[in-house]
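Residue numbers (the numbering used here), protein chains in the order written: chain U, 1158 to 1637; chain F, 1158 to 1637.
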């Protein structure tokens, strides 16, 4: 892997954020809202809280979420799914108010929100809140970025709206997870719309009652079913959720009314979309405990279940200067789920390669990374990778946890190398470092943005709180 | 009530349609689709069926649905809810491709769909499928009318797409009703989006697989919770559902993919949004049995529970030339639910008057009708109506069914008049006549469209199958 200049200014890392998020708050936590006051309590918090009340570690994690979003949005922008959506909606789009990351088209802010949402989710490489499997940024960043191009928004206000939007999505998601997800909902879309409304509503400076209505209008629009997985419909879901939240906030700004209790009422959101409702997840500790601080970022462009194997192979490669020729065979011990989900021995194309633990181990050794290009048609058919893949074996071992793996590599010279992984890089316990996150983002932007512009964009993202205009991010994300 | 010229050409009435719909089909009904083939079976029907295969009685009922829609859309167009929605979305709208019934603004077809959907539902006076409480037209006519302005669509094709869109919404609704509605969903929006996709997809001439995707993308967007009732959010739901269906069809036209089994899959639509799934309701008898033929239209602009009382009072008024001065008192025997829902004795404004059986009886006698103007602030405060309202009594009688009432009017000269209602006008058993429907529509358009233009529009709606361009309807619905 080539060395990269590391632009990150703060290096506290997200482990600090994790600790901050779980540390008992210095102020006593707010009491849970009385029944019937859930939507209003959340709205009151959203309207009243100021950027300086948000702990620095939370702001830092939101900055990392933003940076990761920029990478996956630019990286996903050439995808066919994005092009088809653009072709479908362009004839009906309004004035060219907002850009599309990685592309030159400009659309009205509502249309741009859809396209940016699709591109940032299409690689399945966006941020993940592991407790709920919500990928929050793909619904929430697009409307905020579009608004930042349409109205004057400082970087500080932009990041604050992002914190509040993500926090809202994760909290309403926790109130209904896992029943809601188990039933069939793509929670990224359903919770995402409500988070998008919260963030957009904050940028629009809604009153408390307008925010109640915005949350209600967004909660009325539950987009996304799990049956969409495997089709373009999947990345449509967060894109549409972002639009739903933005529309909700724009309507509420004009005093278009909704229920005062949409989240908690008997015929309201949580009771209708889930058999579980825990409203304390929404209202308890608002302002002192932030789920936003627990966001994670995938280092590898495939299902999280193979991440320990890739991590192990990359570590052995780096420690011993491994190449495919030096290797006689690779033996993996994995959790049984790994073979169940990713047991494909001879993947024929890029998509199939994401479901092959054999390919993942081989490509990590041969190419020293596991980004989108390592799960492409090209990589799946590369003779060197195919050859090594044939020398990989994997055995299911119930003693191995999902977060663990053991890789044993036997070299041609007879030596044996062994690597155990307890928690793969990118997990909550072993978060991606700022440096690794930045490398991931830079890699995603290669061949789409000029190198100097990509560096300038990464620097602007790290510095978002100091930007006079958050629109700078949108401008820099468009190829010069 | 003033006499109106009756423009209707065919006078078969919807009772004939009802009989046709329940008559055993001459051809054997299609077998229910095998599991896993529900979405595709529906799509195949939608793509393959031609206008001449639809029974005339079904086309007739769809024509009545269209006429009623035109009336409520024009009549609802000055409502504050419509103005606020327009103000919120206008800055982001695209080219002026489509009009808004009753108004002069022009928007892109997707934006126009939202506004026309809101205006046609805001009076709570649109069509009702009584088995499912779906108000189908408010989601389905707007996208079809917008497409008719954007592409060349004959009146015949337009009406056929409307038949198929309504049929789809009602069938998917029946598959999950009542559990889905009981859980809290505003079924008009959830089923409406799927119907809108079917109708729009037919006008866009989608292939079978594209239609499968359009249904899947629409089913991914479930808009509307019952908690919205009483706020502007309620009429937003069908408006947004129409947009969701139109977007789904436009995306599918570009080969934007979805699941092949979104309606029936385990993590698909019906299983996620309902505890009941009866897929035979979707696939059995397609092409031989039409739910569309069972659509009904409210004669009175208030909750259906007071319709028997209004019907009784109007009949007595007409039969005996009643005026308020001649009446000593009015005694009503009603189903207990009537007093529970509409027991407000002294309503202070128009909205409250819809929940007063006393006001309903009085205004029917004084003004001889019960349209939107009879449930206005003006009517609620009219001294003559207020005075008569004070002489109305109502007693709950468990022996009276919901569809029934008995009104006993004692005259100042001591005589007693009695009227029993078995099924109020507008029910499935006693459908609104073509003449009464036309009078309702003409009344709704008064003061919004010039009288001559309104007559021309009504004639065009009755004649829709013969129109060279369905866009004529949209043009005539805009004030000259």
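Where is the CB? At the ideal position from N, CA and C, for every residue including glycine.
Using DSSP with H/G/I as helix, E/B as strand and the rest coil, what is residue i?
i: residue 1454(U); result: coil
i: residue 1422(U); result: coil
i: residue 1286(F); result: strand
i: residue 1612(U); result: helix
i: residue 1479(F); result: coil
i: residue 1267(F); result: helix
i: residue 1592(F); result: helix
i: residue 1605(F); result: coil
i: residue 1431(U); result: coil
i: residue 1186(F); result: Note on residue 1186(F): pLDDT 45, under 50, position unreliable in the model; no value is reported.
i: residue 1577(F); result: strand
i: residue 1281(U); result: coil
i: residue 1364(U); result: coil
i: residue 1550(U); result: strand
i: residue 1491(F); result: strand
i: residue 1486(F); result: strand
i: residue 1291(F); result: strand
i: residue 1513(F); result: strand
i: residue 1341(F); result: coil
i: residue 1256(U); result: strand
i: residue 1442(F); result: coil
i: residue 1193(U); result: coil
i: residue 1460(F); result: coil
i: residue 1250(F); result: strand
i: residue 1199(U); result: helix
Tell me which residue opens and which closes the beta strand (DSSP E) that residue i is part of.
i: residue 1378(U); result: 1378-1380
i: residue 1564(U); result: 1562-1568
i: residue 1246(U); result: Taken as a continuous stretch (DSSP letters only), residue 1246(U) belongs to no beta strand (DSSP E), being part of the alpha helix (DSSP H) at 1237-1246.
Could you name the residues of chain U that residue i contacts, counting a contact when the two beta carbons are closer than 9 Å?
i: residue 1425(F); result: 1341, 1382, 1383, 1384 and 1385
i: residue 1416(F); result: 1382, 1384, 1385, 1386, 1387, 1388 and 1390
Need the endpoints of the alpha helix (DSSP H) that residue i sits in, please.
i: residue 1328(U); result: 1312-1333
i: residue 1397(U); result: 1390-1410
i: residue 1627(U); result: Looking at the DSSP string, residue 1627(U) is not in any alpha helix (DSSP H), and its letter there is neither H nor E.
i: residue 1582(F); result: Neither: residue 1582(F) is in no alpha helix (DSSP H) and is coded neither H nor E.
i: residue 1572(U); result: From DSSP, residue 1572(U) is part of no alpha helix (DSSP H); its letter is neither H nor E.
i: residue 1535(U); result: 1534-1538
i: residue 1213(F); result: 1213-1233
For a contact meaning CB atoms closer than 8 Å, what does residue i contact in chain U?
i: residue 1368(F); result: The premise fails here: residue 1368(F) is roughly 14 Å from chain U at the closest Cβ pair, so nothing lies under 8 Å.
i: residue 1241(F); result: 1408, 1411, 1412 and 1413
i: residue 1374(F); result: 1390 and 1393
Anything in chain U within Cβ reach of residue i, meaning under 7 Å, just list it in chain order.
i: residue 1428(F); result: 1341
i: residue 1249(F); result: 1251, 1265, 1266 and 1267
i: residue 1397(F); result: 1378
i: residue 1234(F); result: Within 7 Å Cβ-Cβ: nothing; residue 1234(F) doesn't reach chain U, min ~16 Å.
What residues of chain A sit near residue i, judged by a beta carbon separation below 9 Å?
i: residue 1309(U); result: In the displayed structure, chain A is absent; the protein chains listed are U and F.
Compute the minimum distance between the beta carbon of residue i and the heavy atoms of the ligand FMN, and state whether it is under 7 Å.
i: residue 1194(F); result: Among the components of this structure there are no ligands whatsoever, and the ligand FMN is therefore not found.
Can you list the residues of chain F that residue i reaches, using a CB-CB cut of under 8 Å?
i: residue 1422(U); result: 1384
Run down chain F in chain order and give the residues with a C-beta less than 9 Å from the C-beta of residue i.
i: residue 1245(U); result: 1404, 1407, 1408, 1409, 1410, 1411 and 1413
Check: Is the region 1444-1463 of chain U in contact with the region 1317-1324 of chain U, if contact means three or more CB pairs nearer than 8 Å?
Finding: yes
Next item on the list: Identify each residue in the region 1253-1274 of chain U for which the Cβ-Cβ distance to at least one residue of chain F is less than 8 Å, and report them in chain order.
Entry: 1254, 1265, 1266, 1267 and 1268
Note to self: Would the region 1381-1400 of chain F count as touching the region 1428-1447 of chain F if we require 3 or more Cβ pairs under 8 Å?
What the structure shows: no
Check: Taking contact to mean at least 3 C-beta pairs separated by less than 8 Å, is the region 1249-1256 of chain F in contact with the region 1242-1257 of chain U?
Finding: Two segments are said to touch when three or more pairs of C-beta atoms, one from each, lie closer than 8 Å; by this definition the region 1249-1256 of chain F touches the region 1242-1257 of chain U.
Check: Any residues in the region 1275-1288 of chain U with a beta carbon nearer than 9 Å to a beta carbon of chain F? Which ones, in chain order?
Finding: Within the region 1275-1288 of chain U, no residue has its Cβ closer than 9 Å to any Cβ of chain F.
Note to self: Any contact between the region 1211-1220 of chain U and the region 1367-1379 of chain F? By contact I mean 3 or more CB pairs, one from each, below 8 Å.
What the structure shows: no
Note to self: With a threshold of 8 Å, are at least 3 pairs of Cβ atoms found where one atom belongs to the region 1588-1598 of chain F and the other to the region 1622-1629 of chain F?
What the structure shows: no
Check: Do the region 1526-1543 of chain F and the region 1572-1591 of chain F make contact, defined as three or more Cβ pairs closer than 8 Å?
Finding: no
Notebook entry, point to check: Would you call the region 1504-1513 of chain U and the region 1477-1495 of chain U touching, i.e. three or more CB-CB distances under 8 Å?
Noted result: Taking 8 Å as the limit for Cβ pairs, the verdict is that the region 1477-1495 of chain U does not touch the region 1504-1513 of chain U.
Notebook entry, point to check: Can you find at least 3 beta carbon pairs, one from the region 1549-1557 of chain U and one from the region 1490-1498 of chain U, that sit closer than 8 Å?
Noted result: Contact between the region 1549-1557 of chain U and the region 1490-1498 of chain U is present, with at least three C-beta pairs closer than 8 Å.
Note to self: Output needed in chain order: residues of the region 1594-1618 of chain F with a Cβ under 9 Å from some Cβ in chain U.
What the structure shows: The region 1594-1618 of chain F vs chain U, Cβ under 9 Å: nothing.
Notebook entry, point to check: Any chance the region 1606-1619 of chain F sits against the region 1282-1300 of chain F, with 3 or more Cβ pairs inside 8 Å?
Noted result: Proximity of the region 1606-1619 of chain F to the region 1282-1300 of chain F falls short of the contact definition, fewer than three beta-carbon pairs being nearer than 8 Å.
Margin query: Under 8 Å: do the region 1464-1478 of chain F and the region 1561-1580 of chain F share three or more Cβ pairs, one atom per stretch?
Written below: yes
Item checked: Contact between the region 1226-1237 of chain U and the region 1303-1318 of chain U (3+ Cβ pairs under 8 Å) -> no
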